[in-house]
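When we follow this note's numbering, the leftmost residue of the sequence shown carries the number 1065, and every step to the right adds one. From the three backbone atoms N, C-alpha and C, an ideal C-beta is built for every residue, glycine too. Quantities reported herein were computed from a predicted structural model and do not represent experimental measurements.
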Amino acid sequence: MVSNKSGPLNFIGTGSAFNYKLGNNSAYIKRNSTLLLIDCGDSVFQSLGKLNLLQGIKHLYVAITHMHPDHIGSLGEVILYNQHILQIRTTLIYPDSNSLKALLTAMGVNEEYYDFLPICDTNATVIPDININLKYIIQDHTNSLKCFAYILQLNNKKIFYSGDGKSIPATILEQLSKNQIDYLYQDTCSYDSNDIPHLSLNKLTEIIPANLRHKVYCMHLDDNFDVNMAKSLGFNVVVNCYNG
């Protein structure tokens, strides 16, 4: 069953890296025989199978935000399953395609099994099968690897998807304040620290005015995240489509 509590995106996992109860954070949009998946962490392949989301799929697009295991851990399995079982090539979306290709090669995933859809941070890339425009913006997550957020245009609505980030880009906050962002999905954690790689609920409350919080969806939740507190502050909290 698909939930409508998470705005225009559906989620098959809403948890942080170590929150095995909620599964790795991953969103999707499905239209007929086309599926767009955002991130593909360790638990995602099993969730796709349990929900039969790959059944009847002829075009699978996977947008990756960064290369931490909870965002890319089962990508190889998905590509191999598509190739050998569904007999389709997977289309990958990732700005740093060479790094991702090198990782997949190390996993034994043949380049012939997938394609890359070019994407940039200026002109939007079009996914014609589901009529989505997509571009990226660089995120501030950790110093050890690149991270990208995505901006989606869907049904005349503009969506910001943070991936993982310790802050929200200033340009996005400005657009939100001008009602140019309709939905803002932000990885949000329960704890505060100077070196955390995610945005805390306290910090989110400081930077998002009360009158705009109904547009914000907290995701990538850790074990101690207080859902009721977030909702009482005016934010939305995404739910898994199979138990929400």
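Pair within 8 Å by beta-carbon distance, residue i and residue j
{"i": "Cys1309", "j": "Asn1304", "result": "Examination of residue 1309 is not possible in this model, given that the chain is present from 1065 through 1308 alone."}
{"i": "Ile1157", "j": "Leu1139", "result": "no"}
{"i": "Asn1266", "j": "Asp1256", "result": "yes"}
{"i": "Asp1106", "j": "Thr1129", "result": "no"}
{"i": "Lys1094", "j": "Leu1118", "result": "no"}
{"i": "His1262", "j": "Asp1228", "result": "yes"}
{"i": "Tyr1214", "j": "Pro1072", "result": "no"}
{"i": "Tyr1178", "j": "Ile1149", "result": "no"}
Boundaries (first-last residue) of the beta strand (DSSP E) holding residue i
{"i": "Thr1189", "result": "1189–1191"}
{"i": "Val1126", "result": "1123–1127"}
{"i": "Tyr1021", "result": "Missing from the structure shown is residue 1021; the chain here goes from 1065 to 1308 and no further."}
{"i": "Ala1213", "result": "1212–1218"}
{"i": "Gly1077", "result": "1074–1077"}
{"i": "Ser1090", "result": "1090–1095"}
{"i": "Phe1180", "result": "1178–1180"}
Rounded separation between residue i and residue j - CA only
{"i": "Ile1121", "j": "Asn1258", "result": "44 Å"}
{"i": "Ser1264", "j": "Cys1253", "result": "5 Å"}
{"i": "Ile1136", "j": "Met1171", "result": "12 Å"}
{"i": "His1123", "j": "Gln1147", "result": "12 Å"}
{"i": "Glu1141", "j": "Tyr1200", "result": "25 Å"}
{"i": "Leu1167", "j": "Val1108", "result": "18 Å"}
{"i": "Glu1176", "j": "Ile1202", "result": "28 Å"}
{"i": "Tyr1145", "j": "Gln1151", "result": "8 Å"}
{"i": "Val1173", "j": "Leu1164", "result": "11 Å"}
{"i": "Asp1290", "j": "Leu1268", "result": "14 Å"}
{"i": "Val1302", "j": "Asn1292", "result": "12 Å"}
{"i": "Asn1220", "j": "Glu1270", "result": "29 Å"}
{"i": "Tyr1249", "j": "Thr1169", "result": "31 Å"}
{"i": "Pro1273", "j": "Gly1298", "result": "10 Å"}
Residues near residue i in its chain [Cβ-Cβ closer than 8 Å; skip 5 each side]
{"i": "Leu1276", "result": "Leu1240, Ser1241"}
{"i": "Leu1099", "result": "Tyr1092, Ile1093, Leu1117, Leu1118, Ile1121, His1123, Leu1124, Tyr1125"}
{"i": "Pro1133", "result": "Ala1081, Gly1105, Asp1106"}
Close-in-space but distant-in-sequence residues of the same chain around residue i (CB under 7 Å, 5 per side omitted)
{"i": "Asp1160", "result": "Lys1210"}
{"i": "Ile1245", "result": "Lys1222, Phe1224, Ile1236, Gln1239, Lys1279"}
{"i": "Ile1194", "result": "Ile1093, Arg1095, Thr1098, Leu1100"}
{"i": "Ser1296", "result": "none"}
Contact with chain B by residue i, beta-carbon distance below 8 Å
{"i": "Leu1276", "result": "Among the protein chains of the structure shown there is no chain B, as only one such chain exists."}
Boundaries (first-last residue) of the alpha helix (DSSP H) holding residue i
{"i": "Ala1170", "result": "1161–1170"}
{"i": "Ser1111", "result": "1108–1114"}
{"i": "Lys1267", "result": "1265–1271"}
{"i": "Asp1287", "result": "Per DSSP, Asp1287 belongs to no alpha helix (DSSP H) and is neither H nor E."}
{"i": "Asp1134", "result": "1133–1136"}
{"i": "Leu1240", "result": "1234–1241"}
{"i": "Tyr1084", "result": "Per DSSP, Tyr1084 belongs to no alpha helix (DSSP H) and is neither H nor E."}
{"i": "Leu1139", "result": "1139–1145"}
Close Cβ partners of residue i (< 6 Å) along its chain, the five nearest in sequence each way excluded
{"i": "Ser1231", "result": "Asp1204"}
{"i": "Leu1101", "result": "Tyr1092, Val1126"}
{"i": "Asn1197", "result": "Ala1188, Val1190, Gln1217"}
Practice task
Give a yes or no on contact between the segment 1215–1232 and the segment 1110–1123, applying the rule of three or more CB pairs nearer than 8 Å.
Solution key: no
Handout entry: Inter-stretch contact (C-beta, 8 Å, three-pair minimum) for the segment 1284–1300 and the segment 1075–1085
Key = yes
Problem - Sufficient close CB pairs (3 or more, under 8 Å) joining the segment 1189–1198 to the segment 1083–1090 - result: no
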